[in-house]
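Shown next, in structure tokens, is the structure this report addresses.
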Amino acid sequence: MTLILGIDTSCDDTSCAVASDGREILSNVVASQIADHSEFGGVVPEIACRRHIENIISVVRRALSDADCTLGDCSAIAVTQGPGLVGALLVGIGVAKAIAYSRGLPLVPVNHLEGHIISPLLTPSAQCSFPFVSLVVSGGHTSLYVARDFGQYELRGRTVDDAAGEAFDKVAKALSLGYPGGPVIERLASQSRGDCISFPSPMIRHDNYDFSFSGLKTAVLNYLRFELGIASPQDASAKLEASMVSRICAGFQQAVFDVLIHKTLRLAQSEDISLIGLGGGVSANAELRKRLSDAARERGLHVLLPPKDLSTDNAAMIACAAFHHLEKNELAGLDLDAVPGLAL
Ligand code: KG4
Ligand code: ZN
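Its first residue numbered 160, the sequence shown is counted upward by one per residue in the numbering used here.
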């Protein structure tokens, strides 16, 4: 049994987990910073770094005690190298290096996006079967890959501007709904009675696998300003009726999901791949999970969904991804540096 302690501090969650053999999650502790960032309508990098520094040691301790193990039981330390906020990444990397050095353990660098790609494989019931088409849809990324095996991911398309989660957060900010935007937009959208405001689904007819969400966000802002006379978030909270907010949320969410689902299914069909994996914070959305699963089933395809606590940022996916790198001896030295724009 190979136990790996994983750390993820790529954005605003301080997380540490212990996983066994790249599959079984023994603990997964996530210290959320939502309360620290919500008043700003988004993540404030300096605040995120300071909270990580404050929280990280107690989060590591709790991950070990929840897993009922000690550092002496671990075979390696894994850490997110990127992509993410540089100062935030450096906190996790510094702590991972200190543990690796003091215990003489191998240090395994992991790409955060690989964590999201493999997260749907981490349900106890999931049969790990490659290849699959992976849709990673988070606050920082919206990308389509063909996953051939652990460590073999072929990028087929990505957003050319904002990520889908980022668009949720920006639309929520314009409507004065707080941060993060995804969960609140999901809740309000579910309250609309089928009379949603219709917004165009960006790039849905483009013959590629890229996405764009910045124009959709602008379409919502223009609708607020020119159709409803709402010029600021303060205006929105003072003047908009709850039913109108729900109709806007539902229409925006539908436009995002239409294009995500359309391009994911098209890629799976053109590659003749029958399995689709969904990952990243937006994959916590019940409507997306249901619509993608239903549409896939109609075409004879199957969707693997991560458990909801593995959709958003977590270190369990990092500890599990690291197992396969450890097996191939893909290790880092103690000069490991953060790479905020690390590609995959
Ligand atoms: O993967 P994640 O935790 O962090 C990044 O790597 O970016 O994703 C966070 C993003 C945020 O933009 C948040 O609004 C979005 O995921 N999100 C959701 C939902 N829960 C979180 N978007 C739509 N519906 C949700 N239920
Ligand atoms: Zn993430």
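Even for Gly, the Cβ is constructed at its ideal location relative to N, Cα and C.
Measure the C-alpha to C-alpha separation of valine 343 and serine 391 and round it to an integer number of angstroms.
Position 184 of the sequence shown, counting from 1, holds the residue named residue 343. Position 232 of the sequence shown, counting from 1, holds the residue named residue 391. Going from the Cα of valine 343 to the Cα of serine 391 covers about 19 Å.
Asparagine 214 (DSSP reduced to helix, strand or coil)
In the sequence shown, the residue the question calls residue 214 occupies position 55. It is helical.
Between the Cα of serine 169 and the Cα atoms of Val177, Ser186, Ile212, which residue gives the shortest distance?
Numbered from 1 along the sequence shown, position 10 holds the residue referred to as residue 169. Ranking the options by Cα distance to serine 169, first place goes to Ile212.
Leaving out the 5 sequence neighbours to the left and right, which residues in its chain are closer than 8 Å to proline 265 when beta-carbon positions are compared?
Within the sequence shown, the letter at position 106 stands for residue 265. Excluding residues within five positions, the ones whose Cβ falls inside 8 Å are Ser234, Ala235, Ile236, Ala259, Leu485, Leu490.
At a threshold of 8 Å, does serine 169 count as lining the ligand ZN (C-beta to nearest heavy atom)?
Start at 1 with the first residue of the sequence shown, and residue 169 comes out as number 10. It does: the Cβ of serine 169 is within 8 Å (strictly closer) of some heavy atom of the ligand ZN.
Can you tell which of Leu281, Arg220, His271, Asp225 has its C-alpha closest to the C-alpha of arginine 182?
Position 23 of the sequence shown, counted from the start, is the residue given in the question as residue 182. The candidate whose alpha carbon is nearest that of arginine 182 is Leu281.
I want to check one thing, is the minimum distance from the CB of alanine 409 to the heavy atoms of the ligand KG4 below 8 Å?
Position 250 of the sequence shown holds residue 409. Checking every heavy atom of the ligand KG4 against the Cβ of alanine 409, none is found closer than 8 Å.
Please indicate yes or no: does the CB of leucine 447 lie closer than 8 Å to some heavy atom of the ligand KG4?
By 1-based counting over the sequence shown, the position of residue 447 is 288. Yes - the ligand KG4 has a heavy atom lying nearer than 8 Å to the Cβ of leucine 447.
Alpha-carbon spacing of lysine 467 relative to arginine 458, whole angstroms:
As a working note, residue 467 is residue 308 in the sequence shown. As a working note, residue 458 is residue 299 in the sequence shown. C-alpha separation (whole angstroms): 25 Å.
Kindly indicate which three-state DSSP category threonine 229 falls into: helix, strand or coil?
Along the sequence shown, read from residue 1 onward, the residue named residue 229 stands at position 70. Of the three classes helix, strand and coil, the one that applies to threonine 229 here is coil, per DSSP.
Does the separation of the CB atoms of serine 174 and valine 218 fall below 9 Å?
Taking the sequence shown and counting its residues from 1, one reaches residue 174 at position 15. Taking the sequence shown and counting its residues from 1, one reaches residue 218 at position 59. For serine 174 and valine 218, yes; Cβs fall inside 9 Å.
How long is the line joining the alpha carbons of lysine 376 and glutamate 198, rounded to whole angstroms?
Along the sequence shown, one-based indexing puts residue 376 at 217. Along the sequence shown, one-based indexing puts residue 198 at 39. Taking the straight line joining both Cα atoms gives about 20 Å.
Consult DSSP for isoleucine 405 and reduce its assignment to one of helix, strand or coil.
Along the sequence shown, one-based indexing puts residue 405 at 246. It is worth fixing the name first, because residue 405 is serine in this sequence and not isoleucine. Three-state result, serine 405: helix.
If you measure from the CB of phenylalanine 327, is any heavy atom of the ligand KG4 nearer than 8 Å?
Translated into the one-based positions of the sequence shown, residue 327 becomes position 168. Yes, the beta carbon of phenylalanine 327 sits closer than 8 Å to at least one heavy atom of the ligand KG4.
Three or more beta-carbon pairs under 8 Å between the segment 266-279 and the segment 476-483, yes or no?
yes
The ligand KG4 heavy atom lying under 8 Å from the CB of asparagine 444
Numbered from its first residue, the sequence shown carries residue 444 at position 285. Indeed, a heavy atom of the ligand KG4 lies less than 8 Å from the Cβ.
Using C-beta distances below 7 Å, list every residue in its chain close to phenylalanine 358, excluding the 5 sequence neighbours before and after it, in chain order.
Sequence index remark: in the sequence shown, residue 358 carries index 199 (1-based). So the qualifying residues of the chain are Leu375, Ala378, Val379, Gly410, Phe411, Ala414.
Just to confirm my understanding: we take serine 360, look at its own chain, exclude 5 residues before and 5 after, and list those with CB closer than 7 Å. What are they?
Here residue 360 is taken as the residue at index 201 of the sequence shown, counted from 1. So the list reads Ala414, Asp417, Val418, once near-sequence residues are dropped.
CA-to-CA distance, leucine 493 to isoleucine 389, given in whole angstroms
In the sequence shown, residue 389 corresponds to position 230, counting from 1. In the sequence shown, residue 493 corresponds to position 334, counting from 1. Taking the straight line joining both Cα atoms gives about 53 Å.
According to the Cβ coordinates, are alanine 326 and serine 396 closer than 9 Å?
The sequence position of residue 326 within the sequence shown is 167, counting from 1. The sequence position of residue 396 within the sequence shown is 237, counting from 1. No, the pair does not count as a contact, with Cβ atoms beyond the cut-off.
Taking C-alpha atoms, which residue in Leu469, Gly316, Asn214, Arg209 lies nearest to serine 371?
Working through the sequence shown from its first residue, we reach residue 371 at position 212. Of the candidates Leu469, Gly316, Asn214, Arg209, the one whose C-alpha sits nearest the C-alpha of serine 371 is Gly316.
Under 9 Å between the Cβ atoms of leucine 463 and alanine 176?
Position 304 of the sequence shown, counting from 1, holds the residue named residue 463. Position 17 of the sequence shown, counting from 1, holds the residue named residue 176. No, the Cβ-Cβ distance between leucine 463 and alanine 176 is not below 9 Å.
Would you say alanine 322 touches the ligand KG4, meaning its beta carbon is less than 8 Å from a heavy atom?
Locating residue 322 in the sequence shown gives position 163, counting from the first residue. The answer is yes for alanine 322.
Measuring only from the beta carbon, is aspartate 354 closer than 8 Å to any heavy atom that is part of the ligand KG4?
Position 195 of the sequence shown, counted from the start, is the residue given in the question as residue 354. No, since every heavy atom of the ligand KG4 falls outside the 8 Å radius drawn around the Cβ of aspartate 354.
Closest to methionine 160 by CA distance: which of Ile184, Asp171, Asp167, Asp172 is it?
Against the sequence shown, residue 160 aligns to sequence position 1. Measuring from the Cα of methionine 160, the nearest candidate turns out to be Ile184.
Beta-carbon proximity of leucine 164 to cysteine 208, cut-off 9 Å
Taking the sequence shown and counting its residues from 1, one reaches residue 164 at position 5. Taking the sequence shown and counting its residues from 1, one reaches residue 208 at position 49. For leucine 164 and cysteine 208, no; Cβs fall outside 9 Å.
Pairwise C-alpha distance: asparagine 187 and aspartate 167:
For the purposes of this step, residue 167 is identified with residue 8 of the sequence shown, where counting begins at 1. For the purposes of this step, residue 187 is identified with residue 28 of the sequence shown, where counting begins at 1. If I take the Cα positions, the gap works out to 11 Å.
Tell me whether the beta-carbon of serine 470 lies closer than 9 Å to the beta-carbon of glycine 436.
One-based indexing of the sequence shown puts residue 470 at position 311. One-based indexing of the sequence shown puts residue 436 at position 277. Cβ atoms of serine 470 and glycine 436: not closer than 9 Å.
DSSP state of proline 268 mapped onto helix, strand, coil:
Reading the sequence shown from its first residue, position 109 is the one you call residue 268. Strand.
So, isoleucine 247 versus proline 204, is the Cβ gap smaller than 9 Å?
Along the sequence shown, read from residue 1 onward, the residue named residue 247 stands at position 88. Along the sequence shown, read from residue 1 onward, the residue named residue 204 stands at position 45. The sequence shown places alanine at residue 247, rather than the isoleucine named in the question. The answer is yes: Cβ separation under 9 Å.
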